[in-house]
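Colleague:
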Amino acid sequence: MARKKLIAGNWKMNMTPSQAVELINTLKPLVANDEVDVLLCVPAIDIIPAVEAAKGSNIQIGAENMYFEEKGAFTGEISPAMLDDAGIKYVIIGHSERRQYFAETDETVNKKVLKAIEHGITPIICCGESLTQREQGVTIDFIRQQIKIAFLNVTAAQAASVVIAYEPIWAIGTGKVATTEQAQEVCKAIRECIAEIYDDATAAAIRIQYGGSVTAASAAELFAQADIDGGLVGGASLKEEFGKIVCYK
Ligand code: PEP
């Protein structure tokens, strides 16, 4: 079965709750494309008003992060049960900004992936190399390691519905989009890695997004690649341009 593309926004630390509602109301008619899954991952405080604002549209609301414990003395964190109770079905895990500024590691990513799955929330697992790693020629090796650790103790059945976002760090927020060849090469390598860990059926089912300075101008060519099943979009998801990315065809 053909994989349905998932086009997701990552708002990062932008939009107050009232701004979030306003932007969702603006985007609703612009993203009305049932051929793809449309998701907006929003700051924790925006989740409840965003879910309310998105009702009756094809926009799903996701989270940008969650903690790997059930509950307790973890001041400032959001638990999977809280997300679940708010109706959240997707959570971004291991974004490079969280790895860089909040000391997330492949091991904490794995713990969060397992916990999200346990609560019926689909993790969008981010991976991607730095510019130095690309220049050193270790991109694929590095990403294979990130993937292998992220999927430790995840079963094949669970893995099939997980989402992976390949986001080269040098392309995030820089306006420097990877070429379609670079993006396709790594997404293909990720799929091959999943086939090695599990099997061909799991690799064929899993959705792999590209992220990094995706715009309305680059979306169609990127999403036409055999192993790219949509995108994780930062800056352009905060604007009406997101509608053009969702309706890329
Ligand atoms: C992101 O935040 O995941 C991202 C890809 O950002 P941008 O599209 O702004 O590069």
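Letter 225 of the sequence shown, counting from 1, is numbered 247 in my numbering, and no numbers are missing.
We put the CB at the ideal spot given by N, CA and C, even for glycine.
1. Can the beta-carbon of Glu262 be found closer than 8 Å to that of Thr48?
2. Looking at the unbroken beta strand (DSSP E) that takes in Thr144, where does it start and where does it end?
3. Look up Ala108 in the DSSP assignment and say whether it is helix, strand or coil.
4. How about Leu62: is its Cβ closer than 7 Å to a heavy atom in ligand 1?
5. Going along the chain, which residues of its own chain have a beta-carbon closer than 7 Å to the beta-carbon of Tyr123, five neighbours each way excluded?
6. Using DSSP with H/G/I as helix, E/B as strand and the rest coil, what is Cys269?
7. Could you check the C-alpha separation between Tyr89 and Ser240 for me, to the nearest Å?
8. Could you check which residue in Met35, Gln41, Ile70 and Glu57 has the C-alpha nearest to that of Lys272?
9. Grab me the residues of Asp106's own chain with a C-beta within less than 7 Å of its C-beta, minus the 5 sequence neighbours each way, in chain order.
10. Just the C-alpha distance for Ala232 and Lys93, rounded to the nearest angstrom, thanks.
11. One question on the structure: do Ile81 and Lys111 come within less than 8 Å of each other, judged by their Cβ atoms?
12. Quick one: residues in its chain with C-beta nearer than 8 Å to the C-beta of Val160, no 5 flanking neighbours on either side, listed in chain order?
13. Have a look at Arg121, Ala75 and Cys209 and flag the residue whose alpha-carbon is nearest the alpha-carbon of Val64.
14. Leu28: beta carbon under 7 Å from a heavy atom of ligand 1?
15. Taking 7 Å as the cut-off, is the beta-carbon of Ala200 closer than that to any non-hydrogen atom of ligand 1?
16. Measuring only from the beta carbon, is Glu91 closer than 7 Å to any heavy atom that is part of ligand 1?
17. Taking the alpha carbon of Trp33 as the reference point, which residue from Val268, Phe264 and Tyr270 has its own alpha carbon closest?
18. Which residue spans inside the stretch 27 to 88 form an unbroken alpha helix (DSSP H) run of at least 4?
19. Expressed to the nearest angstrom, what Euclidean distance is found between the alpha-carbon atoms of Glu99 and Glu119?
20. Counting only runs that start and end within the stretch 117 to 174, where is the beta strand (DSSP E) found for 3 or more residues in a row?
21. Going by beta-carbon coordinates alone, are Glu91 and Ile114 separated by less than 8 Å?
22. For Ala30 and Val208, which I take to be in contact (beta-carbon distance under 8 Å), what is that distance rounded to the nearest angstrom?
23. Could you give the residue range of the alpha helix (DSSP H) that holds Leu244?
24. Going by C-alpha to C-alpha distance, which of Leu260, Cys215, Gln180 and Ile228 sits closest to Val313?
25. What are the uninterrupted segments assigned as alpha helix (DSSP H) that are 4 or more residues long and contained completely in the stretch 178 to 258, given in chain order?
Modeller: In this structure, then:
1. yes
2. Thr144 to Cys149
3. coil
4. no
5. none
6. coil
7. 33 Å
8. In the structure as shown, the chain begins at 23 and stops at 271. Residue 272 is therefore absent and cannot be evaluated.
9. His141, Gly142 and Ile143
10. In the sequence under discussion, the amino acid at residue 232 is Tyr, which differs from the Ala named in the question. So the two alpha carbons sit approximately 32 Å from each other.
11. no
12. Glu151
13. Ala75
14. no
15. no
16. no
17. Phe264
18. 39 to 49 and 69 to 76
19. 16 Å
20. 144 to 149
21. no
22. Wrong, their Cβ atoms sit about 18 Å apart, outside the cutoff.
23. Ala238 to Phe245
24. Residue 313 is absent from the structure shown; the chain starts at 23 and stops at 271.
25. 178 to 182, 202 to 219, 222 to 227 and 238 to 245
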